[in-house]
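K.L.:
In UniProt numbering, the protein residues as written are 5 to 512.
Below is the structure I would like to discuss, written out as structure tokens.
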Ligand code: XMP
């Protein structure tokens, strides 16, 4: 395996992901991980990640120098390079100008295994304010850019240092360099898959949890579902899940969840029917933020009640995945407190639980792979994201059961038609919004006066920016016919053609 020491770079999980994609197990550990523990993992290579600090400042993250004498190949990236140089007798200083963005690297030693299969000039991604001003003894420069040392190599200790970031796609041959390091330098074998990940994680969960009990709020979304099945595989009935039917879920959601996880997986799962509670609290409220707060608070209240019922649970499991962790700093000092991720509309800050987050290291598509490997049905795994407040923020203005039922039917038609037309996977998030606007229509000989609904479909990579999906007219026509004819309560349908920004994906 490859061990990646985390110095706080926003890219460090990306390194792990790149290595795992090659079929080699990689895991990220904090930079202060005990050297003995690192050795115990038997790594074939160590990667020191980038990070925001300056090696020459007091208190800068560092490692035990003995790491360089382990006879394990090391790759230092950016901060990892500077730290290696600093500790082994080189010098690092603030650069006159920080180098940020694309740069051209000129390879000086084309015979280096690190550069196998790469042209002499290649584009890389730089992001640094410090640079190496004196090369540590034993190192030689094997590549440079116009303004900096790009790559250093220590033959005796088998250490490579790169100032750029090979893990990002802007580094055109970065992937090849990492491959070269992993396979040619570290001599790793391609023997890792999601199956191994599951095996390993199941083992870890067993060790962590022992004979204690675990509680998990299963939303039916991908992350909490995969976390639940994985933990259930490890500890069976020591895991208790509950699903809250807020009355603001999609059509048949509670049934689907209970069927999949209760009946099929035989998980300990309770469906908390809280429709009346939520709808009563929402009565007369039309302000979006207030609605969100009410839904969040009610969820917390239910969570507390479940907790009371499960007094002996020591662990709270959550489907936190890596992108959820990114914003919070990746390197946590040994004393830093863990803040729970508010995945389900806001969980209490103060909880006397230990957190169990088996998916913390994975990206969304990796979570999906794990889910598939665990046998979770595709239609539960490939779902679009669904917001915590649910239909509560898709019924514009005041929420009631009648509107929720109308919206559920319309939404179900839109989603089924997308699936039938093989478009569901083409778009990132699609749903229907119900407006508190009635308009006049005619049906048969009768005049109607019903609600207006809006189809929303967005294409996005990160949900921070999005464009509206260019769905075919015939398709939109079919959906329109079906919804207006089949859903009592809607007689007019519009298609949302706003991008984000300035609009948002949801309407509230
Ligand atoms: P917006 O509407 O801000 O949404 O463009 C971006 C993404 O976030 C989802 N979303 C939420 N998810 N709780 C969630 O778990 C929420 O309160 C919430 N609000 C928005 C939204 O569905 C979209 O995918």
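C-beta: ideal position from N, C-alpha, C; glycine also.
With three or more beta-carbon pairs closer than 8 Å as the criterion, would you say the region 207-216 touches the region 236-245?
P.N.:
yes
K.L.:
Can you check which of these residues, 109, 76 and 69, is closest to residue 93 by C-alpha distance?
P.N.:
To locate residue 93, count along the chain shown from 1; it is residue 89. Closest by alpha carbon: 69.
K.L.:
At a cut-off of 6 Å, is residue 508 close to the ligand XMP when judged by its beta-carbon and the heavy atoms of the ligand?
P.N.:
Numbered from 1 along the chain shown, position 504 holds the residue referred to as residue 508. Residue 508 has its Cβ nearer than 6 Å to a heavy atom of the ligand XMP.
K.L.:
Closer than 8 Å by C-beta to residue 418: which residues in its own chain qualify, once you throw out the five before and the five after it? Chain order, please.
P.N.:
Residue mapping note: residue 418 aligns to position 414 of the chain shown, counting from 1. These residues qualify, in order along the chain: 434, 435, 436, 459, 483 and 487.
K.L.:
Residue range of the alpha helix (DSSP H) that residue 292 falls in?
P.N.:
Looking up residue 292 in the chain shown gives position 288. Taken as a continuous stretch (DSSP letters only), the alpha helix (DSSP H) holding residue 292 covers 292-313.
K.L.:
I'd like to know whether the C-beta atoms of residue 325 and residue 227 end up nearer to each other than 7 Å.
P.N.:
Locating residue 325 in the chain shown gives position 321, where the first residue counts as 1. Locating residue 227 in the chain shown gives position 223, where the first residue counts as 1. In contact: residue 325 and residue 227 (Cβ atoms closer than 7 Å).
K.L.:
Assign residue 125 to one of three DSSP states: helix, strand, or coil.
P.N.:
In the chain shown, counting from the first residue as 1, residue 125 sits at position 121. Strand.
K.L.:
Check for me: the alpha helix (DSSP H) holding residue 364 runs from which residue to which?
P.N.:
What you label residue 364 is simply residue 360 of the chain shown in a count that begins at 1. Note, residue 364: premise wrong, no alpha helix (DSSP H); not H, not E.
K.L.:
Could you spell out where the beta strand (DSSP E) holding residue 279 opens and where it closes?
P.N.:
By 1-based counting over the chain shown, the position of residue 279 is 275. Looking at the DSSP string, residue 279 is not in any beta strand (DSSP E); the run it does join, the alpha helix (DSSP H), is 279-286.
K.L.:
Under the rule that 16 or more other beta-carbon atoms within 10 Å means buried, what is residue 447, buried or exposed?
P.N.:
Position 443 of the chain shown, counting from 1, holds the residue named residue 447. Looking at its Cβ environment, which holds fewer than 16 other Cβ atoms inside 10 Å, residue 447 is exposed.
K.L.:
Take the Cβ of residue 44 as the centre, count every other Cβ of all protein chains shown within 10 Å, and call the residue buried at 16 or more, exposed below.
P.N.:
Counted from its first residue, the chain shown places residue 44 at position 40. Answer is exposed; the Cβ neighbour count stays below 16.
K.L.:
Could you check whether residue 58 and residue 10 sit closer than 7 Å to each other, using their CB atoms as the reference points?
P.N.:
As a first step, residue 10 is located in the chain shown; it is residue number 6 there, counting from the start. As a first step, residue 58 is located in the chain shown; it is residue number 54 there, counting from the start. Not in contact: residue 10 and residue 58 (Cβ atoms no closer than 7 Å).
K.L.:
If we count Cβ pairs, one from each stretch, closer than 8 Å, do we get three or more for the region 279-293 versus the region 394-410?
P.N.:
For the pair of segments examined, the region 279-293 was found to touch the region 394-410: the number of CB pairs separated by less than 8 Å reaches three.
K.L.:
Thinking residue 378 and residue 233 are a contact (beta carbons under 8 Å), I'd like their distance in whole angstroms, please.
P.N.:
Taking the first residue of the chain shown as position 1, residue 378 is located at position 374. Taking the first residue of the chain shown as position 1, residue 233 is located at position 229. Right, the Cβ-Cβ distance comes to about 5 Å (below 8 Å), so this counts as a contact.
K.L.:
Is it true that the region 190-200 meets the region 108-119, where meeting means three or more beta-carbon pairs spaced less than 8 Å apart?
P.N.:
no
K.L.:
Is it the case that the CB of residue 433 approaches a heavy atom of the ligand XMP more closely than 6 Å?
P.N.:
The sequence position of residue 433 within the chain shown is 429, counting from 1. Correct: residue 433 has its Cβ closer than 6 Å to the ligand XMP.
K.L.:
Find the nearest neighbour of residue 223 within the set 170, 143 and 387, judged by alpha-carbon distance.
P.N.:
Within the chain shown, the letter at position 219 stands for residue 223. The candidate whose alpha carbon is nearest that of residue 223 is 387.
K.L.:
Could you give the uninterrupted runs of the alpha helix (DSSP H) lying entirely in the region 168-244, keeping only those of 4 residues or more?
P.N.:
178-183, 198-213 and 226-239
K.L.:
Counting pairs of Cβ atoms below 8 Å between the region 409-427 and the region 452-471, do you hit three or more?
P.N.:
yes
K.L.:
Quick check: the region 30-41 against the region 11-19, are there 3 or more CB pairs under 8 Å?
P.N.:
yes
K.L.:
If you measure from the CB of residue 368, is any heavy atom of the ligand XMP nearer than 6 Å?
P.N.:
Working through the chain shown from its first residue, we reach residue 368 at position 364. No.
K.L.:
Do residue 279 and residue 246 count as a contact pair if the criterion is CB distance below 7 Å?
P.N.:
Here residue 246 corresponds to residue number 242 of the chain shown, with the count starting at 1. Here residue 279 corresponds to residue number 275 of the chain shown, with the count starting at 1. Not in contact: residue 246 and residue 279 (Cβ atoms no closer than 7 Å).
K.L.:
Sort out for me which residues DSSP pairs residue 164 with in a bridge.
P.N.:
The residue you call residue 164 lines up with position 160 of the chain shown. Its beta-bridge partners are 79 and 157.
K.L.:
Helix, strand or coil for residue 384 per DSSP?
P.N.:
Counting from one through the chain shown, the residue named residue 384 turns up at place 380. Looking at residue 384 - three-state DSSP - the assignment turns out to be helix.
K.L.:
Does at least one heavy atom of the ligand SAH sit under 6 Å from the Cβ of residue 505?
P.N.:
What this structure holds is the ligand XMP, not the ligand SAH.
K.L.:
Which first and last residues belong to the alpha helix (DSSP H) in which residue 46 is found?
P.N.:
Here the question's residue 46 lines up with position 42 in the chain shown. No alpha helix (DSSP H) contains residue 46, which DSSP labels as neither H nor E.
K.L.:
Give the range of the alpha helix (DSSP H) segment to which residue 109 is assigned.
P.N.:
Your numbering for residue 109 matches position 105 in the chain shown. Not the alpha helix (DSSP H): residue 109 falls in the beta strand (DSSP E), residues 95-111.
K.L.:
In angstroms, rounded to a whole number, what distance separates the CA positions of residue 507 and residue 145?
P.N.:
Counting from 1 along the chain shown, the entry for residue 507 is found at position 503. Counting from 1 along the chain shown, the entry for residue 145 is found at position 141. In a straight line, the C-alpha of residue 507 is about 50 Å away from that of residue 145.
K.L.:
With a threshold of 6 Å, establish whether the CB of residue 292 neighbours any heavy atom of the ligand XMP.
P.N.:
As a first step, residue 292 must be located in the chain shown, where it is residue number 288. Answer for residue 292: no, Cβ out of range of the ligand XMP.
K.L.:
Would you kindly check if the distance between the Cβ of residue 204 and the Cβ of residue 136 is under 7 Å?
P.N.:
Here residue 136 refers to the residue found at position 132 when the chain shown is read from its first residue. Here residue 204 refers to the residue found at position 200 when the chain shown is read from its first residue. No, Cβ-Cβ distance for residue 136 and residue 204 is not below 7 Å.
K.L.:
Considering Cα atoms alone, identify which of 208, 138 and 431 is closest to residue 465.
P.N.:
Position 461 of the chain shown, counting from 1, holds the residue named residue 465. Selection 208, 138 and 431 evaluated against residue 465 yields 431 as nearest (Cα-Cα).
K.L.:
Whose CA, out of 496, 163 and 168, lies closest to the CA of residue 148?
P.N.:
For this step, residue 148 is matched to residue 144 along the chain shown. Of 496, 163 and 168, the residue nearest in Cα terms is 168.
K.L.:
Could you check if residue 132 is buried or exposed, using at least 16 other CB atoms within 10 Å of its CB as the buried criterion?
P.N.:
One-based indexing of the chain shown puts residue 132 at position 128. Residue 132 should be labelled buried.
K.L.:
Below 8 Å on the Cβ atoms is my contact criterion, and I expect residue 410 with residue 491 to pass it. Report the Cβ-Cβ distance as a whole number of Å.
P.N.:
Numbered from 1 along the chain shown, position 406 holds the residue referred to as residue 410. Numbered from 1 along the chain shown, position 487 holds the residue referred to as residue 491. Sure, about 6 Å apart at Cβ, within 8 Å.
K.L.:
Please identify the residue among 310, 463, 27 and 439 whose C-alpha is closest to the C-alpha of residue 429.
P.N.:
Residue numbering aside, residue 429 sits at position 425 when the chain shown is read from its first letter. Taking only the C-alpha atoms, the option nearest residue 429 is 463.
K.L.:
Could you tell me if residue 81 is buried or exposed, where buried requires 16 or more neighbouring beta carbons within 10 angstroms of its beta carbon?
P.N.:
For the purposes of this step, residue 81 is identified with residue 77 of the chain shown, where counting begins at 1. Flag for residue 81 reads buried.
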